[in-house]
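Accompanying notes for the structure given below.
2 protein chains.
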Amino acid sequence: MRDPFLQAAIDEAKKGLSEGGIPIGSVLVIDGKIVGRGHNQRVQRGSAILHAEMDCLEQAGRLAPADYKKATLYSTLSPCDMCSGTALLYGIPKIVIGENQTFQGPEDYVKSRGVEVSVLQDAECITLMQDFISAAPELWFEDIGKV
Amino acid sequence: MRDPFLQAAIDEAKKGLSEGGIPIGSVLVIDGKIVGRGHNQRVQRGSAILHAEMDCLEQAGRLAPADYKKATLYSTLSPCDMCSGTALLYGIPKIVIGENQTFQGPEDYVKSRGVEVSVLQDAECITLMQDFISAAPELWFEDIGKV
Numbered sequence: 001m002r003d004p005f006l007q008a009a010i011d012e013a014k015k016g017l018s019e020g021g022i023p024i025g026s027v028l029v030i031d032g033k034i035v036g037r038g039h040n041q042r043v044q045r046g047s048a049i050l051h052a053e054m055d056c057l058e059q060a061g062r063l064a065p066a067d068y069k070k071a072t073l074y075s076t077l078s079p080c081d082m083c084s085g086t087a088l089l090y091g092i093p094k095i096v097i098g099e100n101q102t103f104q105g106p107e108d109y110v111k112s113r114g115v116e117v118s119v120l121q122d123a124e125c126i127t128l129m130q131d132f133i134s135a136a137p138e139l140w141f142e143d144i145g146k147v
Numbered sequence: 148m149r150d151p152f153l154q155a156a157i158d159e160a161k162k163g164l165s166e167g168g169i170p171i172g173s174v175l176v177i178d179g180k181i182v183g184r185g186h187n188q189r190v191q192r193g194s195a196i197l198h199a200e201m202d203c204l205e206q207a208g209r210l211a212p213a214d215y216k217k218a219t220l221y222s223t224l225s226p227c228d229m230c231s232g233t234a235l236l237y238g239i240p241k242i243v244i245g246e247n248q249t250f251q252g253p254e255d256y257v258k259s260r261g262v263e264v265s266v267l268q269d270a271e272c273i274t275l276m277q278d279f280i281s282a283a284p285e286l287w288f289e290d291i292g293k294v
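Residue numbers (the working numbering), protein chains in the order written: chain A, 1 to 147; chain B, 148 to 294.
Structure below.
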């Protein structure tokens, strides 16, 4: 059975896709409960910073510093430099990643800073991104700042 | 004479302070022109992600990947892990920092990734943060995820 929190992140990714957006989703889990969820908002809100993980953390709201220290951040895709840096800022100790085959962020650096990183290589996460990148490569390159 | 772009970032920081917020400001400069400006929005918008640099990049809007490659990001304070990571995501080649005495982000790591980092140690930037941290230490610790 799929990890229910990864499932919730995938549900967010699909919601984004149904809105015409980039299909990446994220949830933040504390004490076994989802406290924030989000998906990439580049298209929907014309945002340069609301990757799925950022949207999720913003939806979670202003948490106490101690809360982040017991959180797990789920994302359907390997977090980029921005989203990885945000996890480091708040000292989130664990990141669970749907897949890192279509894109891989600075996982080694994040691990070197003491974060536990788990990559599930979920087939549906991979397909979601492969299909999207094939259909809209320029939008994808914009999202990761690739010239 | 002070760098006029640092001055614009300081103006943003003061605007934030006048709103009851955390006095950190930022501007994004491309081809000698300010294309985005912002200030920390934790208090004003209840935001967990809108540090000054993030607010600035969001205000700049969706830029072409090539635009970021000729940009300079100014901040009154040394960018944290989140904001540094965002500069890395977009391949912003230069960061100008007002001061890094009251807080220092991962400057060495950012430099190791090829970014030019310039620290001006501006006295007014230092005073702005020192006064703010003395007045509202818990808000400051929340902003940097410090327990």
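All C-beta atoms in this analysis are idealised placements derived from N, C-alpha and C, irrespective of residue type, glycine included.
Neighbourhood of A:Val29 in chain B, by CB distance below 8 Å: empty, with the nearest CB roughly 16 Å away.
Per DSSP, the continuous beta strand (DSSP E) segment holding B:Leu220 begins and ends at Ala218 to Leu224. A:Pro4 is outside the set of residues whose beta carbon lies under 8 Å from a beta carbon in chain B.
Per DSSP, reduced to three states, the secondary structure at B:Glu166 is coil, with no helix or strand assignment. The Cβ neighbour count for B:Gln277, taken over all protein chains shown within 10 Å, is under 16; the residue is labelled exposed. In terms of beta-carbon proximity, A:Thr76 stays away from the interface with chain B, with every pair separated by 8 Å or more. Put simply, of B:Val176, B:Arg192, B:Asp255 and B:Val190 the residue whose alpha carbon is nearest the alpha carbon of B:Lys216 is B:Val176. Among the residues facing chain A, B:Val182 is not included, as its CB has no counterpart in that chain under 8 Å away. The C-alpha of B:Gln206 lies about 24 Å from the C-alpha of A:Leu17. Membership of B:Ser173 in any alpha helix (DSSP H) is not indicated; the residue belongs instead to the beta strand (DSSP E) covering Gly172 to Ile177.
Here DSSP, grouped into helix, strand and coil, assigns B:Lys180 to strand.
For B:Thr233, a Cβ of chain A is located within less than 8 Å of the residue's own Cβ.
Straight through space, the alpha carbons of A:Leu6 and A:Asp122 are spaced by roughly 9 Å. If you check the CB distance, A:Lys146 and B:Pro212 come in under 8 Å.
When B:Cys272, B:Gly261 and B:Ser231 are compared, the shortest CA-CA separation from B:Thr249 is found for B:Cys272.
Contact residues of the stretch 248-271 of chain B toward chain A are absent (C-beta to C-beta distance below 7 Å). Around the Cβ of A:Arg37, a 10 Å sphere holds 16 or more other Cβ atoms; the residue is buried. Going by DSSP, B:Gly232 is part of the alpha helix (DSSP H) stretching over Asp228 to Tyr237. Using a Cβ-Cβ cut-off of 8 Å, B:Phe279 does not count as an interface residue toward chain A, since no Cβ of chain A sits closer than that to its own. Fewer than three beta-carbon pairs drawn from the stretch 100-118 of chain A and the stretch 186-206 of chain B are found closer than 8 Å, and the two stretches are therefore not classed as touching. Counting the other CB atoms within 10 Å of its CB gives A:Asp31 a total below 16, which places it among the exposed residues. Listed in chain order, the non-local C-beta contacts of A:Pro23 below 6 Å within the same chain comprise Ala13, Gly16, Leu17, Leu128 and Phe132, local neighbours out to five positions each way being set aside. Closest by C-alpha distance to A:Gly20, out of A:Gln104, A:Cys80 and A:Gln41, is A:Gln41. Sequence-ordered contacts of the stretch 55-68 of chain A with chain B read Leu57, Glu58, Ala60, Gly61, Arg62, Leu63, Ala64, Pro65, Ala66 and Tyr68 [C-beta pairs closer than 8 Å]. In the three-state DSSP reduction, A:Ile144 falls in the coil class, being neither helix nor strand. Counting the other Cβ atoms within 10 Å of the Cβ of B:Glu289 gives 16 or more, which makes it buried. The C-alpha of A:Gly85 is placed about 11 Å away from the C-alpha of A:Glu107.
Using a Cβ-Cβ cut-off of 8 Å, A:Leu89 is close to Cys227, Asp228, Met229, Ile291 and Gly292 of chain B, given in chain order. Under the DSSP assignment, B:Ser265 falls in the beta strand (DSSP E) whose first and last residues are Glu263 to Val266.
For B:Ile196, the neighbours in chain A by C-beta distance under 8 Å run, in chain order, Ile49, Met54, Leu57, Glu58 and Thr86.
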